[in-house]
Amino acid sequence: MKILLLYEYPNNGGSLSIQGHLLHKGLLEHGVDVLACHYQAKKKEKEWCYKVFQPDAVIGIGWWADTPDLIYSPMDYKLQPIPWLLADGWVANYHKILSELPLVFTTSQWVIDTYKRDGIDVKNYEVLHVGYEASLFKPMPRDSASIRQVRKMLRVKEDEKMLLTIGGDVTSKGAQEMIKALAKIDKEYPNYKYVCKASGSKCARNHHKEEMQLISELGLDPKKIIYIEDYFHHDFMPYLLNACDIYAAPSRIEGFGMIQMEAMACGKPVISIDAMGPRDTIIHGQTGFLAKVASTVDLEEEWVSKEMGFDQPFKMKFDKHKTLAYRADTDELAKYTLDLLTDDNLRNKIGQQAAVHALDKFQYQNLALRCIKIVREKLNLSN
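Residue numbers (my numbering): 508 to 890.
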């Protein structure tokens, strides 16, 4: 079987790029003939890949707005596209072609549910989770020099518990909900540091101002909530994750939750939200905790743009409101956080179970094998 992979190639350390890189690696290890190309490569480069490599299928990683690059482009050369899609809350365009393909992969069941809600025929949709490298993401001794140095760099004392949230902007990963939860338990358990690792984007910095205002309003000690904007290579992330005691990400929108899964692989209990992608990755009470949804962001209209395949920007009105984001219940977040902070046995048990769960369900080699099996069955490929 010959597969052309369209993604953010070569690997640049971003989540979609890592997703493609690990599938590429897994397919090669299982003997598949694979060629990779950037999904937005110049037309001539793609044409060369299509005509010279002549793949049996073209797997492209992105979201529905990437339909021209992931679907129409290979179809122009009479090749079979297989998009591997995520969701950003709703599907505004390309409904017909997204309903007609013989196979579409998604990163979670929630992505399928979102496409179905928005009028897509999902009969040929299959969940293909994102994988991880077990040789990189694994539990490391807390007292090792490498982990102690990370905590020292973050100004976390040896006797303090460290909570961690990572994201392009940590707000979308639920940082404000976690800050509110910590305010509820701060007097009962004050010996912690909450580390928020964000990018240096304008969006992240604007949200950071909101979080600093929230910290002030809640009367929390700002020294206990540490913001960092450094870029960390993906190979360093296991050390950062192993430095924490609890990984917290009750995300407002989450199509899968790759870092949550990697945190579990490192033996860390994960606190998240009982919605979207985390439902696929976290087993409540066994590998982490899922706080109930307290509220949703529901809209009756939303802006669309040229990047979404429309001629001009306009506000699209919905037949009925759509839920585009979620907010976790801060009382439940507070309870789960306090339980894990105060009970070392519980925290260690959940973390150990999380590592076993990740190893069993999310190794990239196993997910690549699942991909091969489904592609062969759906496209009737025998090679």
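All residues carry an ideal CB built from backbone N, CA and C; glycine is no exception.
Quick caveat: nothing in here was measured; it's all calculated off a predicted structure.
Closest in C-alpha terms to Ile673, from the list Val882, Val777, Lys532 and Tyr843, comes Val777. When the beta-carbon positions are compared, Pro590 and Thr574 come within less than 9 angstroms of each other. When the beta-carbon positions are compared, Pro581 and Leu689 stay at least 9 angstroms from each other. Comparing alpha carbon positions, the residue from Cys556, Arg883, Pro745 and Val702 closest to Ile654 is Pro745.
Leu610 and Lys824 do not touch by the CB rule: their CB atoms are close to 32 angstroms apart, not below 8 angstroms. The beta-bridge partner set that DSSP reports for Pro588 consists of Val565. Put simply, the backbone Cα of Thr621 is about 6 angstroms away from that of Trp597.
CA-to-CA, the gap between Val804 and Gln683 works out to about 15 angstroms. Inter-residue distance for Ser522 and Ala543 is about 16 angstroms (C-alpha atoms, whole angstroms).
Sequence-distant partners of Gln616 (beyond 5 residues in either direction) whose C-beta falls short of 8 angstroms from its own C-beta, in its chain, are Val634, Arg786 and Asp787. If you look at Leu671, you'll find it in the beta strand (DSSP E) that goes Lys668 to Ile673. Just so you know, the alpha carbons of Glu536 and Asp781 end up roughly 35 angstroms apart. Rounded to whole angstroms, the gap between the alpha carbons of Ala564 and Tyr632 is 16 angstroms.
The DSSP assignment places 668 to 673 and 699 to 704 as complete runs of the beta strand (DSSP E) inside the stretch 659 to 721, in order along the chain (cut-off: 3 residues).
DSSP links Val777 through a beta bridge to Tyr754 and Gly795. Membership of Thr830 in the beta strand (DSSP E) is indicated by the continuous run Phe821 to Ala835.
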